[in-house]
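Peer 1:
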Amino acid sequence: AKSSMGLSCHDHDKCFVAQVYLITMFYIVNVVVDVIIYLLGEDVLDYKGVICANQRFLLVKDELGGAYMLFTHMTVLVYSYMMYLIFFKLPKKYNMISFKKKGVKEVNTALIITGSMAHQ
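Just so we're aligned, residue 70 is where the sequence shown starts under our numbering, counting upward by one.
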């Protein structure tokens with residue numbers, strides 16, 4: 070069933086399956102990367118490549134500390150991009166996001182479709 074907004078149950082289901090798959094894979098990869106960051110962080114702190122100042126700041130002392138901080142910041146960047154991809158780009162690809170102004174009737178139709186899918 071399609072509404073005037075262009076939504077269909079099939080598109081919604083495909084988008085949901087893709088989101089669940091990406092979130093699951095990303096979670097697994099993220100756990101591994103977090104363990105690596107933790108283990109490398111202990112070594113970098115022991116080696117004094119990064120110094121903790123006033124229990125609030127990390128100061129980079131040498132190349133090893135710089136590489137570690139670059140790696141941690143790049144993982145945050147990738148994390149942010151994955152959230153953007155999963156929760157915005159993917160629904161947009163499946164026509165779940167529209168930038169057009171919709172009237173109350175169209176929005177209500179979309180809510181009815183979404184509600185009926187939840188009760189299946």
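Virtual Cβ for every residue (Gly too), placed ideally from N, Cα, C.
Note down the Cα distance separating TYR137 from HIS79, rounded to an integer number of angstroms.
Peer 2: Within the sequence shown, the letter at position 68 stands for residue 137. Within the sequence shown, the letter at position 10 stands for residue 79. When rounded, the distance between both Cα atoms is 44 Å.
Peer 1: Just mark ALA70 as buried or exposed, buried being the case when its beta carbon has 16 or more other beta carbons within 10 Å.
Peer 2: For the purposes of this step, residue 70 is taken as residue 1 along the sequence shown, with counting starting at 1. Here ALA70 scores only 48 on pLDDT, less than 50, and its place in the model should not be relied on; the value that follows carries that caveat. The residue in question, ALA70, is exposed, as its Cβ has fewer than 16 Cβ neighbours within 10 Å.
Peer 1: Nearest-angstrom Cα distance between PHE95 and ILE120?
Peer 2: Position 26 of the sequence shown, counted from the first residue, corresponds to residue 95. Position 51 of the sequence shown, counted from the first residue, corresponds to residue 120. Whole-angstrom Cα-Cα distance: 30 Å.
Peer 1: Counting beta carbon pairs with one atom in the region 127 to 137 and one in the region 100 to 119, are three or more of them shorter than 8 Å?
Peer 2: As far as the Cβ criterion goes, the region 100 to 119 touches the region 127 to 137, which means the pair count is three or higher.
Peer 1: Under 8 Å by Cβ, that's how I've got THR144 and ILE106 pegged, so tell me the actual separation to the nearest angstrom.
Peer 2: Reading the sequence shown from its first residue, position 75 is the one you call residue 144. Reading the sequence shown from its first residue, position 37 is the one you call residue 106. Their Cβ separation, rounded to whole angstroms, is 7 Å, which keeps THR144 and ILE106 in contact under 8 Å.
Peer 1: To the nearest angstrom, how far is the alpha carbon of LEU109 from that of VAL102?
Peer 2: Position 40 of the sequence shown holds residue 109. Position 33 of the sequence shown holds residue 102. LEU109 and VAL102: Cα-Cα distance of roughly 10 Å.
Peer 1: With H, G and I counted as helix, E and B as strand and the rest as coil, what does DSSP make of ILE92?
Peer 2: Within the sequence shown, residue 92 is the residue found at index 23, counting from 1. The answer is helix: DSSP assigns ILE92 an H, G or I state.
Peer 1: On the DSSP letters alone, give me the boundaries of the beta strand (DSSP E) that LEU192 sits inside.
Peer 2: The first residue shown for the chain is 70 and the last is 189, placing residue 192 beyond what the model contains.
Peer 1: Please report the distance separating the alpha-carbon of MET165 from that of HIS142.
Peer 2: If you number the sequence shown from 1, residue 165 lands on position 96. If you number the sequence shown from 1, residue 142 lands on position 73. Using only the alpha carbons, I get a separation of about 31 Å.
Peer 1: Helix, strand or coil for HIS81? Go by DSSP, reduced to three states.
Peer 2: Stepping through the sequence shown from its first residue, residue 81 is reached at position 12. HIS81: helix per DSSP, three-state reduction.
Peer 1: From the DSSP output, in three-state form, read off ILE105 for me.
Peer 2: Translated into positions along the sequence shown, residue 105 becomes position 36. In the structure shown, ILE105 sits in a helix (DSSP, three-state: H, G or I).
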